[in-house]
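Undergrad: Going letter by letter, the sequence shown gives residues 1 to 869 in full-length UniProt numbering.
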Amino acid sequence: MDGRSQSSTVQTQSQHSPISVNIDDVALMSSQCRFTYFGFFRQAAKLHEGLGRAYALLFAERGASVVVNDLGGGRHGDGSSTKAADIVVQEIRSKGGKAAANYNSVEDGEKIIQTALDNFGRIDVVVNNAGILRDRSFARISNTDWDLIQQVHLKGTFKTTQAAWPHFRKQNYGRVIVTSSNSGLYGNFGQANYAAAKIGVVGLSSTLAIEGRKNNIHCNAIVPTAASRMTEDILPPDFFAELKPELIAPVVVWLCHESCSETGSIIEAAAGWAGKSYLVRSQGSLLRSKITDNVTPEDVKEHWGTVTDMSNAKHYPSIADVSATLTVALEEMKANAQSDSLSKVATNSLSYDKRDIILYSLGVGASLNNPEDLKYLYEGHEAFSALPTFLIIPAITTLLGANIIGDVFPGKDIDLTKMLHGEQYLEVIRPLETSGELVSKARVVDVLDKGSGAAILVDGSSSIPSSPSLSLDFRCSLFILVASKVPQTVMSSTAIYSSYMQSGANLCHVSSSHGRVKVRGADKGAVYGPGCGFMKGPTCGSVEGHGWELASTGSGLSGSSALVAAGSIQTAASSLTVDTFDENGNQVAYNQVTTFAIGMGGFGGKRTSDKAVDIANAPARAPDATVTEKTSLDQAAIYRLSGDWNPLHIDQDMATLGGYRRPILHGLCTLGFSARHILQRFANNDSSKFKAIKARFSKPVLPGQTLQTNMWHEGSRIHFETKVLESGYTVIGGAYVDLTETVPFLRTNNVSATETLKSEAVFDAFKKRIEANLEKVKKINGVFQYNITVGGNTAGSWTIDLKKGVLYKGPVKEGKVDCTLTMSDPDFVDLFAGKLNPQMAFMQGKLKVAGNLMLVQKLSGLMKEQSKL
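#1: Measuring CA to CA, which of D446, F763, V817, A772 is closest to Q785?
#2: Which ranges does the beta strand (DSSP E) cover as unbroken runs of at least 3 residues, wholly within the UniProt domain "MaoC-like" (616-733), from first to last along the chain?
#3: List the endpoints of the continuous alpha helix (DSSP H) containing Q114.
#4: For T730, which residues in the same chain have their Cβ closer than 8 angstroms to its Cβ, ignoring the five residues on either side in sequence?
#5: Please specify which runs of the alpha helix (DSSP H), each continuous and at least 4 residues long, are wholly inside the segment 228-313, giving them in chain order.
#6: Quick check on the burial criterion: 16 or more other C-beta atoms within 10 angstroms. Buried or exposed for S687?
#7: Can you tell me whether L591 is buried or exposed? The criterion is at least 16 other CB atoms within 10 Å of its CB, across all chains shown.
#8: I'd like to know if the segment 356-364 and the segment 379-398 are in contact, where contact means that at least 3 CB-CB pairs between them fall below 8 angstroms.
#9: Thinking C-alpha only, which one of H719, I650, L648, P431 is nearest D582?
#10: Over the uninterrupted beta strand (DSSP E) stretch that includes H381, give me the two end residues.
#11: Under the three-state reduction of DSSP, which class applies to Y376: helix, strand or coil?
#12: Assuming I429 and V588 are in contact, meaning their beta carbons sit under 8 angstroms apart, how far apart are those beta carbons, in whole angstroms?
#13: I need the straight-line Cα distance from G805 to I770, nearest angstrom please.
#14: Give me the residue from G810, S674, L707, S727 with the minimum Cα distance to I718.
#15: Measure the C-alpha to C-alpha separation of P811 and C669 and round it to an integer number of angstroms.
#16: Relative to the C-alpha of G791, which residue among H666, A618, D825 is closest?
#17: Return the Cβ separation of Y194 and L148 in integer angstroms, given the expectation that the two are a contact with Cβ distance under 8 angstroms.
#18: According to DSSP, simplified to helix, strand and coil, what is L350?
#19: Please give the ranges of any beta strand (DSSP E) in the segment 154-237, keeping only runs that are unbroken, at least 3 residues long and fully inside the region.
#20: What span of residues does the beta strand (DSSP E) with F596 cover, start to end?
#21: Which residues bound the alpha helix (DSSP H) around V66?
#22: With a threshold of 16 other CB atoms inside 10 Å of the CB of P297, please say whether the residue is buried or exposed.
#23: Answer yes or no: do V176 and V126 have a C-beta to C-beta separation smaller than 7 angstroms?
#24: Determine the direct distance from the alpha carbon of A320 to that of I678, and round the result to whole angstroms.
#25: One question on the structure: do V67 and A56 come within less than 7 angstroms of each other, judged by their Cβ atoms?
#26: With a threshold of 16 other CB atoms inside 10 Å of the CB of H649, please say whether the residue is buried or exposed.
#27: At a Cβ threshold of 7 angstroms, is G212 touching chain C?
#28: Where do the ends of the alpha helix (DSSP H) carrying F59 lie?
#29: For N781, which of L859, A692, F763, D738 has the nearest alpha-carbon?
#30: Anyone know if the C-beta pair for L426 and I392 falls short of 7 angstroms?
#31: If I follow the unbroken alpha helix (DSSP H) through A85, where does it start and stop?
#32: By a C-beta neighbour count over all protein chains shown, 10 Å radius and 16 as the cutoff for buried, is V295 buried or exposed?
#33: Exposed or buried, which one is F189 when buried takes at least 16 other CB atoms within 10 Å?
#34: Which residue wins for smallest C-alpha separation from P623, given the options E91, G845, A226?
#35: How about A249 and L58: are their beta carbons less than 7 angstroms apart?
#36: Within the continuous beta strand (DSSP E) that includes K779, where are the two ends?
Structure below.
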């Protein structure tokens, strides 16, 4: 233990005995370092002729303090003696070196290491060299033959190295040598036990190299072929004479030097030659082309030539590198499977006439109580037409009648009872005739792995037959499994409920107490009460998500808890496209239906899609318009006649199995209500102005409940959300309708025949001002539409066309509106009279503006000049 200014610690362990070595750097080494060496020598008489002696002498010669361990037994593990170790120690000391003897078995590794610490104060190197032979043909190997070999070669290496390991880590330095054999690498007749142990220490060495890397601990396996007492009567005499241990010792000493960076390697050495060995692997072959395929013995036979072709064999340095190649193979198989499923197209024809159009309109709430709905209910009406959302029907019927998603999820069968309709998008490409035939083509365009679920994206368009193509987009936000334990008085066993929330959060816990449900891990501070919508998968078909309404305290649910098993259900999302064409081959509509497939995720697919149409959040202000409408108890019974035959909406038994107290309304029916409300308020109930709709379903609706559609006007886009008035829960969110243009719907019953709007006088006066200053007003060069409301409903509309210098009552007759302003009748009068500041009116929500705000400022300046009535 001579002090060195900049020393590193090296450890090596031999098979059974320890030797501490402190090497002074001479020709081999450029700086000082300390080594501890362990050699196991069984036969004292032959110790001076073996590898252990050669290692010990060379280490000592280079300045190492050596602990020589030898139990002193024979090569078969029999007997013991202290003489073998003593001879080597004496030889080292006679040459001026430092050495100490140890006579413990390598299975007592901690005692060997303690000898080094007691004599030299530290341990830097462990050389595991102990070994015995118990050669037998495989059939004749006894348990003793097997156990003795493993104890000395494998367990001895483990125990001695493990004893030194904490010291190596503490000093951030260590070198370990394990001794393997050609029998371990290549096999040898009669040495099954020995070969198993020798390949075992190679695996141990490789792992120690990985674990020791961060602490500067190196570990390598030496594979020596040397003359020793273990090989003296096995090798031919002339060959035996050339295999001098002294020719191998320098290789071991170098591997233990602080400047040697080699670690985790297998080094063969013999007769003055050394080389590095490692495993190589062929390029291999896929035994199946798609991940959905099985592998048969015939497949293996067919590919065996490629499997065993080593012409392009490659070495992989780590498990990570090997795993990477497997990942590539899996991705290739998945891609092959998905390319097949994505190429499948399902075609469906749908003939329709006035009866189908009227039936659908009744299904989504059109009624003679609303005179403006007559155009959707009476074929003799001069403007008889279909509601635009009728074009969702061919997409849904195509999806329900097709099997195109059967191969969507690699290697899995899809359970349609676990499919949730999460989002819907419809784009109307051309107006629909009142009768005809539609041809729809559906195909899966994307499959998303949601981990806890899967989304299927299906795009779709509709047209009248010629070049049909239907697209549905199956994609959903979040799925949660809720396991709710309820009292015995309510339910006899644990009930399982599932839910996806509009929030993208991963819910972790849901609890119910006194009719209120708290959800932790979702939106911060969010509280969901009874009817919060824990979802249960529909019993059949692909339909929108539905919910289970929590009972009140009186039903015995007070204090019950519901634990969300986040991520425990593997879910996937698939994207399908549905293109619908008319009988002339003109594309009529495009649909995307986003569906969540419970239990189908976890296949390693992508999590997002560039093909999906996204939802859009409404502006953070009070809605510009609200429509409230009560559904009928027969609403679902009527709507299902348009093609969605899911018994969940009509059969009490099926609803109960689904977790609902009674049959629920179709989500697409609720969507139809909302679309009608938007057409009424912002398109003068003109379906030809409808361009597209996007919505996300979040909660169920019960027939007979009241729907409230809140709308926000943003240019040609109307954002909306739909709530259930009785519960206050949002059932459709992130939704919008795109219109070609916005036109207010003027209800005839908003203002009585005898009632005159005070604004009339203001517009009359302003009209005269415009006519008197045509050149001045035309410089503003804008078209304005004023919507005057009474009781929240539009009671009158005026157009101010300052491009032409005209003002008239009613919506714009030509061109488009640059700016729409909405105010109540008294507020408008106060604004024009100068009693209400325009900026304050806007800030207070009394003045709603959509369009070009700069033009509003110009118009405001003109109106100030005429502010006195």
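Just so it is clear, CB atoms sit at the ideal spot from N, CA and C, and this is done for glycine as well.
TA: Put simply:
#1: By one-based count along the sequence shown, residue 785 stands at place 785. Among D446, F763, V817, A772, the Cα nearest to that of Q785 belongs to V817.
#2: You should have 625-630, 690-697, 706-714, 717-724.
#3: For the purposes of this step, residue 114 is taken as residue 114 along the sequence shown, with counting starting at 1. Here the alpha helix (DSSP H) through Q114 covers 109-120.
#4: Along the sequence shown, one-based indexing puts residue 730 at 730. Only residues of its own chain outside the window of five on either side were considered, and among them Q502, S698, K699, E721, T722, K723 have a CB closer than 8 angstroms to the CB of T730, listed in chain order.
#5: Annotation: the segment 228-313 contains the following complete segments of the alpha helix (DSSP H) (minimum length 4 residues), in chain order: 237-242, 249-255, 297-307.
#6: Within the sequence shown, residue 687 is the residue found at index 687, counting from 1. It is buried - the Cβ of S687 has at least 16 other Cβ atoms within 10 Å.
#7: One-based indexing of the sequence shown puts residue 591 at position 591. Position check: residue 591 holds Asn in this sequence, whereas Leu was assumed. Classification of N591: buried, given that the 10 Å Cβ count is 16 or more.
#8: The answer is yes - the segment 379-398 touches the segment 356-364, with three or more Cβ pairs under 8 angstroms.
#9: The residue given as residue 582 occupies position 582 in the sequence shown. For D582, the nearest C-alpha among the options comes from P431.
#10: Reading the sequence shown from its first residue, position 381 is the one you call residue 381. Segment: none, H381 is in no beta strand (DSSP E) and carries neither H nor E.
#11: Taking the first residue of the sequence shown as position 1, residue 376 is located at position 376. In the structure shown, Y376 adopts helical secondary structure according to DSSP, grouped into three states.
#12: Counted from its first residue, the sequence shown places residue 429 at position 429. Counted from its first residue, the sequence shown places residue 588 at position 588. Confirmed, Cβ separation roughly 6 angstroms.
#13: Here residue 805 refers to the residue found at position 805 of the sequence shown. Here residue 770 refers to the residue found at position 770 of the sequence shown. Cα to Cα, the separation comes out at about 6 angstroms.
#14: Here residue 718 refers to the residue found at position 718 when the sequence shown is read from its first residue. Distance check between I718 and each of G810, S674, L707, S727 places S674 closest, using alpha-carbon atoms only.
#15: The residue given as residue 811 occupies position 811 in the sequence shown. The residue given as residue 669 occupies position 669 in the sequence shown. In this structure, the CA atom of P811 is about 31 angstroms from the CA atom of C669.
#16: For the purposes of this step, residue 791 is taken as residue 791 along the sequence shown, with counting starting at 1. That would be D825, whose Cα lies nearest to the Cα of G791.
#17: As a first step, residue 194 is located in the sequence shown; it is residue number 194 there, counting from the start. As a first step, residue 148 is located in the sequence shown; it is residue number 148 there, counting from the start. About 10 angstroms separates the two Cβ atoms, so there is no contact after all.
#18: Working through the sequence shown from its first residue, we reach residue 350 at position 350. When secondary structure is reduced to three states using DSSP, L350 falls in the strand class.
#19: Complete beta strand (DSSP E) runs here, min 3: 174-179, 217-224.
#20: Start at 1 with the first residue of the sequence shown, and residue 596 comes out as number 596. 586-597 is the span of the beta strand (DSSP E), which, as asked, contains F596.
#21: In the sequence shown, the residue the question calls residue 66 occupies position 66. Unbroken run through V66 is the beta strand (DSSP E), 65-69; no alpha helix (DSSP H).
#22: As a first step, residue 297 is located in the sequence shown; it is residue number 297 there, counting from the start. Burial check for P297: the Cβ neighbour count within 10 Å stays below 16, so the residue is exposed.
#23: On the sequence shown, position 176 is the one that residue 176 refers to. On the sequence shown, position 126 is the one that residue 126 refers to. V126 is positioned such that its CB atom lies closer than 7 angstroms to that of V176.
#24: Residue mapping note: residue 678 aligns to position 678 of the sequence shown, counting from 1. Residue mapping note: residue 320 aligns to position 320 of the sequence shown, counting from 1. Answer to the nearest angstrom: the Cα atoms are 56 angstroms apart.
#25: Position 67 of the sequence shown, counted from the start, is the residue given in the question as residue 67. Position 56 of the sequence shown, counted from the start, is the residue given in the question as residue 56. Cβ atoms of V67 and A56: not closer than 7 angstroms.
#26: Here residue 649 refers to the residue found at position 649 of the sequence shown. By the neighbour-count rule (16 or more Cβ atoms within 10 Å), H649 is buried.
#27: Absent from the structure: chain C. Only one protein chain is present.
#28: Counting from 1 along the sequence shown, the entry for residue 59 is found at position 59. Run containing F59: 51-61, per the alpha helix (DSSP H) assignment.
#29: Along the sequence shown, one-based indexing puts residue 781 at 781. Among L859, A692, F763, D738, the Cα nearest to that of N781 belongs to L859.
#30: Along the sequence shown, one-based indexing puts residue 426 at 426. Along the sequence shown, one-based indexing puts residue 392 at 392. Using a Cβ distance threshold of 7 angstroms, L426 and I392 count as a contacting pair.
#31: As a working mapping, residue 85 is identified with position 85 in the sequence shown. Residue range 83-94 is occupied by the alpha helix (DSSP H) that includes A85.
#32: For the purposes of this step, residue 295 is identified with residue 295 of the sequence shown, where counting begins at 1. V295 is exposed by the Cβ-count criterion.
#33: As a first step, residue 189 must be located in the sequence shown, where it is residue number 189. Per the 10 Å Cβ criterion, exposed.
#34: As a position in the sequence shown, residue 623 is number 623, starting the count at 1. Taking only the C-alpha atoms, the option nearest P623 is G845.
#35: Sequence index remark: in the sequence shown, residue 249 carries index 249 (1-based). Sequence index remark: in the sequence shown, residue 58 carries index 58 (1-based). It is a contact, given that the beta carbons lie within the stated cut-off.
#36: On the sequence shown, position 779 is the one that residue 779 refers to. Run containing K779: none; DSSP gives neither H nor E here.
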